[in-house]
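The block underneath contains the structure these notes are about, expressed in structure tokens.
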């Protein structure tokens, strides 16, 4: 407590000194000229953005893989070009949210949040309280790149404008196939070849039969009963691949024929849980997947124990000698089931909100908006995505490759250049640029997803904002319902709760306020749908 009070007193005294000592002739002054308008040290066009260097404080989430942000080429290059220097406060990802919330609660705010993990609730609450400043006017005047993106895609503006008409945070925009399908299920092609299986499963029943063969016919040919037919990291990793087979786009609220519904109370959800219960009881589902880490699952894959598994690519789980050998392991396509004949895939939003915000502490909002707008240009997004370590392989710029030091893991190296690795930054990841990446002999996963999954991909619910009152009610109702669903879901799957208790499960959720929750979602959807 004493330390906090001391810090607060220092901040108050420092603020008083700053207010008393401000003058238009001090070095680096960017005070607004008489009568309003842009600051005197600010260049509305061209570079540098400010003639005399200014320093801002930035807070962001630091992933374990990141190097020090002050050493990252992204910020060094941006400072050279813009004359804006940052001092960094980068709490570890594991306790970043706690630190971020404390910064708001104590009013010890940075000038800028970057890779900020601001929730829609944060934007509504702290924007309404004046801690985050409205950005729409600054965007109109000083962000031509982002303005163009909003004009070209009206859904962007709809998805980042709060109910009071303001924009308090900027998003990551992903114009790439992989943005639409957040996870994939892979099949062990070596096991399939060992069993003489040539056709990939197209239904849940066919997948079940394949998993039984993985379990019973020793496909890894080691003479041991050590095969794990299907695995993942937590149940979420299976939901993306399997829930659509039962006609459901996730386990949250979905808009179906214009009406909001809660999928965990649908009859198709009961069928999905029944299917997983069958897999679990017959030991076709990894019994450790509810608690295992990705490293633990990958170890099983490297030991040639996994038949079907979730992940971004086969070689992240299985031992794959050459990049082209990834193609031996097929990606599971959309399945149908006895309760759903339509092929479906879950389409994630290509707009990731809350990546960047300017606080009320920032004395240079015009310059800051120009700074971040560069990241929404082609050159700026490439810098933020890859640093300066990619190179074109031909003069026509039809192919590029990431240029990392020999023997160093490319992603670990990229994490020294930009916090994009393990984070979400305010930029646009362009499909046209990404499509030109040279994969060598490896598969083009973006193209694979684009051809095999995206034709069937749909969004479950748009990016909406709730009012303060709505959010407060949701924080109570939805939290209680979600906690209960999580508990019962696991109990149904492992057999601790029989399906004869399904009606009791439904009644409990209804009593928790399901109708009120769905009305809030329905109202928010209709408001969003009415926006232009």
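In mature numbering (1 follows the signal peptide of the UniProt record, and there is no 0), the protein residues as written are -20 to -1, 1 to 512.
The beta carbon of each residue, even a glycine, is placed where N, CA and C say it ideally should be.
Residue nearest to residue i in terms of C-alpha spacing, selected from the options
i: residue 218; options: 198, 270, 200; result: 270
i: residue 509; options: 104, 75, 239; result: 239
i: residue 225; options: 367, 368, 99, 181; result: 181
i: residue 500; options: 248, 233, 322, 276; result: 233
i: residue 313; options: 250, 77, 434, 439; result: 434
i: residue 242; options: 506, 495, 322, 350; result: 495
i: residue 26; options: 353, 368, 405; result: 353
i: residue 29; options: 39, 401, 64; result: 64
i: residue 142; options: 123, 411, 106; result: 106
i: residue 203; options: 186, 284, 150, 188; result: 284
i: residue 260; options: 467, 473, 71; result: 473
i: residue 468; options: 215, 138, 189, 85; result: 215
i: residue 497; options: 463, 453, 340, 480; result: 453
i: residue 169; options: 371, 191, 91, 98; result: 191
i: residue 335; options: 103, 80, 151; result: 151
i: residue 247; options: 318, 72, 52, 77; result: 318
Where residue i falls, given that 16 or more other Cβ within 10 Å makes a residue buried
i: residue 333; result: buried
i: residue 491; result: exposed
i: residue 320; result: buried
i: residue 484; result: exposed
i: residue 13; result: Here the model assigns residue 13 a pLDDT of 37, short of 50, so the residue's position is not dependable, and the following value carries that caveat. That one is exposed.
i: residue 512; result: exposed
i: residue 504; result: buried
i: residue 450; result: buried
i: residue 404; result: buried
i: residue 164; result: buried
i: residue 287; result: buried
i: residue 187; result: buried
i: residue 82; result: exposed
i: residue 4; result: The predicted model places residue 4 with a pLDDT of 31, which falls under 50 and marks its position as unreliable, so this point remains unresolved.
i: residue 506; result: exposed
i: residue 87; result: exposed
i: residue 372; result: exposed
i: residue 15; result: Confidence at residue 15 is low in this model, with a pLDDT of 32, below 50, so the placement of that residue is unreliable and no value is reported for it.
i: residue 2; result: Its pLDDT being 37, under 50, residue 2 is placed unreliably in this model, and the coordinates cannot settle the point.
i: residue -18; result: At residue -18 the pLDDT is 37, less than 50, meaning the model places this residue with poor confidence and gives no usable figure here.
i: residue 280; result: buried
Residue range of the beta strand (DSSP E) that includes residue i
i: residue 288; result: 286 to 291
i: residue 164; result: 164 to 167
i: residue 151; result: 150 to 155
i: residue 192; result: No beta strand (DSSP E) holds residue 192; the alpha helix (DSSP H) holding it covers 184 to 196.
i: residue 371; result: 370 to 372
i: residue 242; result: 239 to 242
Residue range of the unbroken alpha helix (DSSP H) whose run includes residue i
i: residue 270; result: Per DSSP, residue 270 belongs to no alpha helix (DSSP H) and is neither H nor E.
i: residue 234; result: Residue 234 -> not in any alpha helix (DSSP H); beta strand (DSSP E) instead, spanning 233 to 236.
i: residue 211; result: Here residue 211 belongs to no alpha helix (DSSP H); instead the beta strand (DSSP E) covers 208 to 211.
i: residue 53; result: 53 to 62
i: residue 507; result: 494 to 510
i: residue 350; result: 345 to 353
i: residue 404; result: Premise fails: residue 404 is in no alpha helix (DSSP H) and is neither H nor E.
i: residue 358; result: 358 to 366
i: residue 391; result: 390 to 394
i: residue 219; result: 216 to 222
Cross-strand partners of residue i (DSSP beta bridge)
i: residue 72; result: 42
i: residue 146; result: Looking at the DSSP assignment, residue 146 forms no beta bridge with any residue, so it has no partner.
i: residue 65; result: 35
i: residue 326; result: 438
i: residue 112; result: 339
i: residue 30; result: 22
i: residue 410; result: 155
i: residue 92; result: 38, 338
i: residue 417; result: 380
i: residue 447; result: According to DSSP, residue 447 bridges with nothing at all.
i: residue 316; result: 183
i: residue 331; result: 153
i: residue 175; result: DSSP output for residue 175 lists no bridge partner at all.
i: residue 311; result: 166
i: residue 264; result: In DSSP, residue 264 forms no bridge with anything.
Whole-angstrom C-beta distance between residue j and residue i, which should lie under 8 Å
i: residue 349; j: residue 154; result: Not quite, the Cβ-Cβ distance comes to about 22 Å (not below 8 Å), so this is no contact.
i: residue 147; j: residue 114; result: 7 Å
i: residue 34; j: residue 347; result: 7 Å
i: residue 126; j: residue 40; result: Between residue 40 and residue 126 the Cβ distance is about 19 Å, and since that is not below 8 Å, they are no contact.
i: residue 252; j: residue 223; result: 6 Å
i: residue 291; j: residue 300; result: That belief does not hold up - the Cβ atoms of residue 291 and residue 300 are roughly 12 Å apart, past 8 Å.
i: residue 108; j: residue 448; result: 7 Å
i: residue 324; j: residue 436; result: 6 Å
i: residue 266; j: residue 211; result: 4 Å
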